[in-house]
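Step one of this worksheet: look at the structure below.
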Amino acid sequence: MNVNIYLGMLHRAETTLAESFRQVADGHASEPDVYALCHTLAKQCDEHSDRLQPVVERYGKASDGEPERLHAEGLSTTRQGPLGLLRDLQDLYLLGSFVDVTWTMLKQAGSALHDEELLDVVAHCDHETSVQLRWLQTRMKQAAPQALVAAR
Numbered sequence: 055m056n057v058n059i060y061l062g063m064l065h066r067a068e069t070t071l072a073e074s075f076r077q078v079a080d081g082h083a084s085e086p087d088v089y090a091l092c093h094t095l096a097k098q099c100d101e102h103s104d105r106l107q108p109v110v111e112r113y114g115k116a117s118d119g120e121p122e123r124l125h126a127e128g129l130s131t132t133r134q135g136p137l138g139l140l141r142d143l144q145d146l147y148l149l150g151s152f153v154d155v156t157w158t159m160l161k162q163a164g165s166a167l168h169d170e171e172l173l174d175v176v177a178h179c180d181h182e183t184s185v186q187l188r189w190l191q192t193r194m195k196q197a198a199p200q201a202l203v204a205a206r
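This is the structure in structure tokens:
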């Protein structure tokens, strides 16, 4: 059984996403909505990791055979200006999409295993991840005209 690989990957990805939300919040503190919402979404990611912990303890976090490429890197710095904000939001969206599809894979595993605890965690966290992605899409749409057309 390899569910532990995806549990470990997701646990790490949620932590990375939380750190990346905080990085973008602090790097774009002049954007009040970005600052506040990114800190709120970072806390959600922390809660996802906490909710996942009992399942991780049952199945394990990863195996020695986990391919190193099965993880997502977070943001280490933020860019400046309107285009920088757009690019940073897009990076968050890509990382969030990785988290989202990993929740989907674990939902499939939970169904196959008839693991109600895992399915409950997935239902809650996957929904919140979808909301995070929708906010990021909306905020990118809002930022795009300024970054791509108006900025000179």
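The working numbering puts the first residue of the sequence shown at 55, with every later residue one more than the last. Where is the CB? At the ideal position from N, CA and C, for every residue including glycine.
Proximity to I59 across S151, A72, R112 peaks at R112, based on C-alpha coordinates. Cβ-Cβ distances below 7 Å link T156 to Y60, M63, L64, A67 in the same chain, with the five nearest sequence neighbours on each side left out; the list follows chain order. In the three-state scheme derived from DSSP, where H, G and I count as helix and E and B as strand, S84 is classed as coil. DSSP places A201 in no alpha helix (DSSP H); its state is neither H nor E. In the DSSP assignment, Q162 falls within the unbroken alpha helix (DSSP H) covering 135-167. Out of E85, C99, H82, the CA that lies nearest to the CA of V153 is found in C99. Going by beta carbons, P136 and A96 fall outside the 8 Å limit. When DSSP states are grouped into helix, strand and coil, T131 belongs to the coil group. In this structure, the straight-line span from the alpha carbon of C92 to that of T69 is close to 14 Å.
In this structure, the CA atom of G81 is about 12 Å from the CA atom of L140.
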